[in-house]
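Numbering (my numbering), first residue to last: 18 to 191.
Have a look at the structure below before the remarks.
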Amino acid sequence: MAAVLPQLAGKHVLVTGHSGFKGSWLALRLVQLGARVTGFSLDLPTTPSLFDLAGLNADLDDRRGDIRDADTVRALMAETRPDIIIHLAAEAILKRAWHDPVATLATNIMGTAHLLDAVRSCDLAPTIIIGSSDKAYAPAAAPLAEDAPLGGADPYSMSKAATDMLVHAWRHSY
């Protein structure tokens, strides 16, 4: 990990979905490595939450908003101008995806599109890491590889496959 420290120290890192379980652990580690962290997410998902228990509010720039709101995301990019973006904001609860597939599509696909378009419209060139899922791939008997065919037989899986396709198209287009 020592080689990572100089690369992150002082860098401005935006983490979407920073108040969720994985986002909180990531934000905590980034702060420990010396990054200047801005987090963007909906309100805390649980009480208690890892975000609160770790006292992260004191260690980073905690922003609340909805990734589905293009204007809010564009304003966030224009104001914060991050060096690195780690996009974890998503509807990841399968039961919620089944009960409200349209909201899942809006969050997972359009939320990612709003983020990428905001970066483009603000003329930024950050390193961007997009969180995905093994559910984006078609079922396979063998271990999955990055070039495995995309799939998606349920709302959540399809939204993750479509998000991967969106990122691919955006990278090649812009």
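Even for Gly, the Cβ is constructed at its ideal location relative to N, Cα and C.
{"query": "Looking only at C-alpha atoms, which of 155, 191, 84 sits nearest to residue 34?", "result": "84"}
{"query": "Give the single residue among 53, 61, 115 whose Cα lies nearest to the Cα of residue 171.", "result": "115"}
{"query": "Return the chain-ordered list of same chain residues with a C-beta closer than 6 Å to the C-beta of residue 166, the five sequence neighbours on each side being excluded.", "result": "155"}
{"query": "Excluding the 5 residues preceding and the 5 following residue 139 in the sequence, name in chain order all residues of the same chain whose CB lies nearer than 6 Å to its CB.", "result": "94, 95"}
{"query": "Among all the DSSP beta bridges, which residues are the ones paired with residue 31?", "result": "55, 102"}
{"query": "Any contact of the segment 126-140 with the segment 68-82, i.e. 3+ C-beta pairs under 8 Å?", "result": "no"}
{"query": "Run through the segment 86-132 for me and flag every whole beta strand (DSSP E) of 3 or more residues, listed as ranges in chain order.", "result": "101-104"}
{"query": "Using only the alpha-carbon positions, how far apart do residue 64 and residue 37 sit?", "result": "11 Å"}
{"query": "Please report the straight-line C-alpha distance between residue 51 and residue 125, rounded to a whole angstrom.", "result": "29 Å"}
{"query": "Would you check if the distance between the CB atom of residue 28 and the CB atom of residue 100 is smaller than 8 Å?", "result": "yes"}
{"query": "Given a threshold of 16 other Cβ atoms within 10 Å of its Cβ, counted over all protein chains shown, does residue 163 qualify as buried or as exposed?", "result": "exposed"}
{"query": "For residue 68, collect the residues of the same chain with a Cβ closer than 7 Å to its Cβ; drop the 5 residues on either side in sequence, then sort them by chain order.", "result": "36, 41, 61"}
{"query": "Rounded to whole angstroms, how far is the Cβ of residue 30 from the Cβ of residue 54, which I believe are closer than 8 Å?", "result": "5 Å"}
{"query": "So what's residue 69 in DSSP terms, helix, strand or just coil?", "result": "helix"}
{"query": "Go ahead and pull the three-state DSSP assignment for residue 180.", "result": "helix"}
{"query": "Bridge partners for residue 154 per DSSP, in chain order?", "result": "167"}
{"query": "CB residue 143 to CB residue 102, shorter than 8 Å?", "result": "yes"}
{"query": "Could you compute how far the alpha carbon of residue 57 sits from the alpha carbon of residue 105?", "result": "10 Å"}
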